[in-house]
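Chemist: Take a look at the following structure, please.
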Amino acid sequence: MKQNKEMKEGLGLWLMGAGGLTGGWVKRQCQRPVCVWSVKAAPEDWSEGWVQESFLPWADPIPAPPIPLGLIIAFGTTLAQAGSVKAFRRIDLEMPLAMAAYAKQVGVNRVAVVSAVGASASSRHYYLKAKGELEEGLKTLCFSSLSILRPSLLLGSRVQKRRGERLAQVLAPLWGPLMVGPMQKYRPIPAAVLAKALLNATEMGKPGVEVYEGARLFELGR
Numbered sequence: 001m002k003q004n005k006e007m008k009e010g011l012g013l014w015l016m017g018a019g020g021l022t023g024g025w026v027k028r029q030c031q032r033p034v035c036v037w038s039v040k041a042a043p044e045d046w047s048e049g050w051v052q053e054s055f056l057p058w059a060d061p062i063p064a065p066p067i068p069l070g071l072i073i074a075f076g077t078t079l080a081q082a083g084s085v086k087a088f089r090r091i092d093l094e095m096p097l098a099m100a101a102y103a104k105q106v107g108v109n110r111v112a113v114v115s116a117v118g119a120s121a122s123s124r125h126y127y128l129k130a131k132g133e134l135e136e137g138l139k140t141l142c143f144s145s146l147s148i149l150r151p152s153l154l155l156g157s158r159v160q161k162r163r164g165e166r167l168a169q170v171l172a173p174l175w176g177p178l179m180v181g182p183m184q185k186y187r188p189i190p191a192a193v194l195a196k197a198l199l200n201a202t203e204m205g206k207p208g209v210e211v212y213e214g215a216r217l218f219e220l221g222r
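First residue of the sequence shown: 1, per our numbering; consecutive thereafter.
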């Protein structure tokens, strides 16, 4: 994919969620300096470019690193890992919104975020509802460029295994190709492709709000 002609050379990226499957691929594929915001200690091989906070930056502010080209949010958990819906919402909704608000405050103009296919603030399902509320919350911050990516099942090897995901990944090569037309938005997507889509969306910085799912998401990840 062609890079935006107005791309600002030399700027880095801020990444929230580098310890996850997609975030790890973002960091590996990115050609820019990456500033990783995290609540966890940095792995030894990630010492360079890792911003280690006692918490996340809005809770214990320090002078911000140089303003980046954009912020990528690939942050999330599962209900089983979080332990409760309240804890899940704290991680998947409240913390990303707080990070985005902090980024907006210090002058970040571009954001790309991993949401989910079917996300809706009016959903009765806790997961899709949280993702939908995250999308709506990000829209209210009025970034110059907001890219919302809605993947279905992610393909790739996680450090922390998720219940049912392993079987789904094994079966994905069988039923994935059958997802065509309106059903393509439910087609499994490799985490490496999703990461590339996040990077491309940030590089392009398309004005306004863009939602990518299905064929558009796969195209963005080329």
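For each residue, glycine too, the CB sits at the ideal point set by N, CA and C. Just so you know, these numbers come straight off a predicted model, no measurement behind them.
Assign Ala197 to one of three DSSP states: helix, strand, or coil.
Modeler: helix
Chemist: Identify which residue in Ser152, Thr202, Arg216 and Val211 has its Cα closest to the Cα of Val34.
Modeler: Thr202
Chemist: What did DSSP end up calling Leu146 once you bin it into helix, strand or coil?
Modeler: strand
Chemist: Just confirm the distance between the C-beta atoms of Arg110 and Leu69, as a whole number of angstroms; I'd bet it's less than 8 angstroms.
Modeler: Your pair Arg110 and Leu69 checks out as a contact, with CB atoms roughly 6 angstroms apart and the cut at 8 angstroms.
Chemist: Please state the DSSP three-state secondary structure of Pro96.
Modeler: helix
Chemist: Quick one: Cα of Val211 to Cα of Leu149, how far?
Modeler: 6 angstroms
Chemist: Determine the DSSP secondary structure at Glu53, reduced to helix, strand or coil.
Modeler: Because Glu53 carries a pLDDT of 44, less than 50, the predicted location of this residue cannot be relied on, and no value is offered for it.
Chemist: Which two residues bound the contiguous beta strand (DSSP E) that contains Arg110?
Modeler: Arg110 to Val114
Chemist: From the DSSP output, in three-state form, read off Val117 for me.
Modeler: coil
Chemist: Tell me whether Gly70 sits in a helix, a strand or coil according to DSSP, three-state version.
Modeler: strand
Chemist: Quick one, which of Leu13, Ala192, Glu133 and Val106 has its alpha-carbon nearest Trp25's?
Modeler: Considering only alpha carbons, the answer is Ala192.
Chemist: Identify which residue in Glu136, Arg187 and Asn200 has its Cα closest to the Cα of Val209.
Modeler: Taking Val209 as reference, the option from Glu136, Arg187 and Asn200 with the minimal CA-CA separation is Glu136.
Chemist: My understanding is that Thr22 touches Val106, with C-beta atoms under 8 angstroms, so please give their C-beta distance in whole angstroms.
Modeler: Not confirmed; about 24 angstroms, so no contact.
Chemist: What are the boundary residues of the beta strand (DSSP E) that includes Gly214?
Modeler: No beta strand (DSSP E) contains Gly214, which DSSP labels as neither H nor E.
Chemist: Taking C-alpha atoms, which residue in Leu199, Pro65 and Ala74 lies nearest to Arg32?
Modeler: Leu199
Chemist: Out of Ala112, Ser144 and Ser152, point me to the one whose CA is closest to Tyr127's CA.
Modeler: The candidate whose alpha carbon is nearest that of Tyr127 is Ser152.
Chemist: Does Glu213 pass the burial test, meaning 16 or more other C-beta atoms within 10 Å, or should it be called exposed?
Modeler: buried
Chemist: DSSP beta-bridge partners for Pro190?
Modeler: Leu155
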